[in-house]
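Colleague: Shown below is the structure under consideration.
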Amino acid sequence: TNTLTLTGVSSGGPVQIALQEGDIVISGDIYAFNQAVSLTSYRGAILNPSGTVYVGNGSLTLSAAGSIGNSSRALTLYAYGAELDAQAGTGITVSSDGSLILGTVNATPGGAVSITSTSGSLLDDGDAATGITGSQVNLSAAYGELGGSGTALSVDTTRLSLTAQGTVAGNNGATLPELTLSPTGGA
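Oh and the sequence shown: position 112 is 128 in the working numbering, straight run, nothing missing.
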């Protein structure tokens with residue numbers, strides 16, 4: 017299979033990269049601060065062995081037939097209020113240094129979703145038509161909140177784990193036999 021290795025991208029405007037076959041491998045940083053970034057792998061994965069996507073308060077749209085990030089290395093973001101939309105065939109693992117606004121995040125069929133903000137919140141985009149779907153959903157905001165005041169995160173899963181220092185606001189659209197709620201120590 018083909019692999020597109022990104023060793024570095026810097027743009028003062030939108031970034032759109034699409035690969036018809038194979039994996040997109042981010043081994044350098046992508047700088048598109050406060051811009052729209054779109055990465056699509058039609059027949060592969062989006063992997064992140066060592067790079068970071070710097071999107072600030074722009075937007076990030078990810079689509080992959082395989083995984084986005086993986087259990088050994090999450091797709092790493094530097095985002096402060098950026099909107100995230102992601103679609104993956106097997107699983108989504110994302111970690112952000114800063115807050116994310118979650119739109120449609122969908123790992124099907126049966127893929128897990130794990131989204132972590134190491135220094136901010138995970139907020140809903142306010143659109144009732146969007147939500148987070150996966151066989152298992154893990155959301156963590158070490159120093160922030162999940163959902164927001166007046167806007168709950170929309171989730172559809174049977175296994176849900178929520179960790180936050182602040183407020184947790186969510187609605188789940190499936191029967192929920194497994195729920196884990198954990199506070200963080202914060203600072």
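Glycine included, C-beta positions come from ideal geometry on N, C-alpha and C.
Name the DSSP beta bridge partners of Arg175, please?
Modeller: Along the sequence shown, one-based indexing puts residue 175 at 159. Per DSSP, Glu194.
Colleague: How many angstroms separate the CA atom of Asp143 from the CA atom of Gly119?
Modeller: In the sequence shown, residue 143 corresponds to position 127, counting from 1. In the sequence shown, residue 119 corresponds to position 103, counting from 1. Near 8 Å, if we compare the C-alpha coordinates of Gly119 and Asp143.
Colleague: Can the beta-carbon of Tyr47 be found less than 7 Å from the beta-carbon of Tyr70?
Modeller: Translated into the one-based positions of the sequence shown, residue 47 becomes position 31. Translated into the one-based positions of the sequence shown, residue 70 becomes position 54. A contact, by the Cβ cut-off of 7 Å.
Colleague: Look at the alpha carbon of Ala203 and the alpha carbon of Leu55, and state the distance between them as a whole number of angstroms.
Modeller: For the purposes of this step, residue 203 is taken as residue 187 along the sequence shown, with counting starting at 1. For the purposes of this step, residue 55 is taken as residue 39 along the sequence shown, with counting starting at 1. Low per-residue confidence applies at Ala203: pLDDT is 47, beneath 50, and the placement is therefore not dependable, though the value from the model is reported in the following sentence. Computed Cα separation, rounded: 34 Å.
Colleague: Please classify Asn73: does DSSP put it in a helix, a strand, or coil?
Modeller: Start at 1 with the first residue of the sequence shown, and residue 73 comes out as number 57. Reduced to three states, the DSSP call for Asn73 is coil.
Colleague: Mind checking which residues open and close the beta strand (DSSP E) that includes Gln103?
Modeller: Position 87 of the sequence shown, counted from the start, is the residue given in the question as residue 103. Here the beta strand (DSSP E) through Gln103 covers 98-104.
Colleague: Taking the alpha-carbon positions, what's the Val31 to Ser83 distance?
Modeller: For the purposes of this step, residue 31 is taken as the residue at position 15 of the sequence shown. For the purposes of this step, residue 83 is taken as the residue at position 67 of the sequence shown. Rounded to whole angstroms, Val31 to Ser83 spans 20 Å at the Cα level.
Colleague: Within this structure, are the beta carbons of Gly114 and Gly85 separated by less than 7 Å?
Modeller: Start at 1 with the first residue of the sequence shown, and residue 114 comes out as number 98. Start at 1 with the first residue of the sequence shown, and residue 85 comes out as number 69. Going by C-beta atoms, Gly114 is not nearer than 7 Å to Gly85.
Colleague: Given that a residue counts as buried once 16 or more other Cβ atoms are within 10 Å of its Cβ, and exposed if not, what is Ser112?
Modeller: Residue 112 sits at position 96 when you count from the first residue of the sequence shown. Buried is the call here.
Colleague: My assumption, with CB atoms under 8 Å, is that Thr68 sits in contact with Thr92. Please give the rounded CB distance.
Modeller: Taking the sequence shown and counting its residues from 1, one reaches residue 68 at position 52. Taking the sequence shown and counting its residues from 1, one reaches residue 92 at position 76. About 5 Å separates the two Cβ atoms, so the contact holds.
Colleague: Short of 6 Å in beta carbon distance, which residues of its chain neighbour Ser26, apart from the five on each side in sequence? Order them along the chain.
Modeller: Mapped onto the sequence shown, residue 26 falls at position 10. Around Ser26: Tyr47.
Colleague: Based on the DSSP output, what are the partners of Gln32 in its beta bridges?
Modeller: For the purposes of this step, residue 32 is identified with residue 16 of the sequence shown, where counting begins at 1. Paired residues: Ser54.
Colleague: Buried or exposed for Gly163, please, with buried defined as at least 16 other CB atoms from any protein chain shown within 10 angstroms of its CB.
Modeller: By 1-based counting over the sequence shown, the position of residue 163 is 147. Gly163 comes out buried.
Colleague: Does DSSP put Asn187 in a helix, a strand or coil?
Modeller: Looking up residue 187 in the sequence shown gives position 171. Here Asn187 sits in strand by DSSP.
Colleague: Kindly indicate which three-state DSSP category Gly44 falls into: helix, strand or coil?
Modeller: Residue 44 sits at position 28 when you count from the first residue of the sequence shown. It is coil, neither helix nor strand.
Colleague: Can you give me the C-alpha to C-alpha distance between Ile140 and Ala168, rounded to a whole angstrom?
Modeller: What you label residue 140 is simply residue 124 of the sequence shown in a count that begins at 1. What you label residue 168 is simply residue 152 of the sequence shown in a count that begins at 1. One detail in the question is off: residue 140 reads as Asp in this sequence, not Ile. Asp140 and Ala168: Cα-Cα distance of roughly 6 Å.
Colleague: Please work out which residues of its chain come closer than 6 Å, Cβ to Cβ, to Leu178, disregarding the five sequence neighbours upstream and downstream, and give them in chain order.
Modeller: On the sequence shown, position 162 is the one that residue 178 refers to. Closer than 6 Å at Cβ, skipping near neighbours: Leu155, Leu162, Val184, Leu197.
Colleague: From Gly160 to Ala180, what distance separates their C-alpha atoms?
Modeller: Your numbering for residue 160 matches position 144 in the sequence shown. Your numbering for residue 180 matches position 164 in the sequence shown. Straight-line Cα distance between these residues: approximately 6 Å.
Colleague: Would you report the Cα separation of Ile62 and Gly182, rounded to the nearest angstrom?
Modeller: Here residue 62 corresponds to residue number 46 of the sequence shown, with the count starting at 1. Here residue 182 corresponds to residue number 166 of the sequence shown, with the count starting at 1. If you take the alpha carbons of Ile62 and Gly182, they lie about 31 Å apart.
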